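Note sheet for the following structure.
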Amino acid sequence: MNTPVNLNRFRKQKARADDKARADQNAALHGLSKAQRELEKAKNTLSKRTLNGLERDKLK
2 MNTPVNLNRF RKQKARADDK ARADQNAALH GLSKAQRELE KAKNTLSKRT
52 LNGLERDKLK
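Residue numbers (my numbering): 2 to 61.
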């Protein structure tokens, strides 16, 4: 004889899996990977440093 299955638990697990798959798909379409975010942050830091280095001293 088969073991009984809790249909509510099965339904909720399926819904969670579907939500996670949709979230992963949206992240791939619209988000940036961690490496891309870090590269962008490094580029921004470098450009800020360059601009600050080229800034003229302000006269008092």
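We treat Cβ as the ideally placed atom computed from N, Cα and C, and that holds for glycine.
Values in this document were obtained by computation on a predicted structure and should not be read as measured data.
Sequence-distant residues of its chain with Cβ nearer than 8 Å to residue i (five each side left out)
i, result
"residue 33", "41"
"residue 31", "none"
"residue 44", "none"
Unbroken alpha helix (DSSP H) run spanning residue i, endpoints
i, result
"residue 13", "8 to 31"
"residue 48", "35 to 55"
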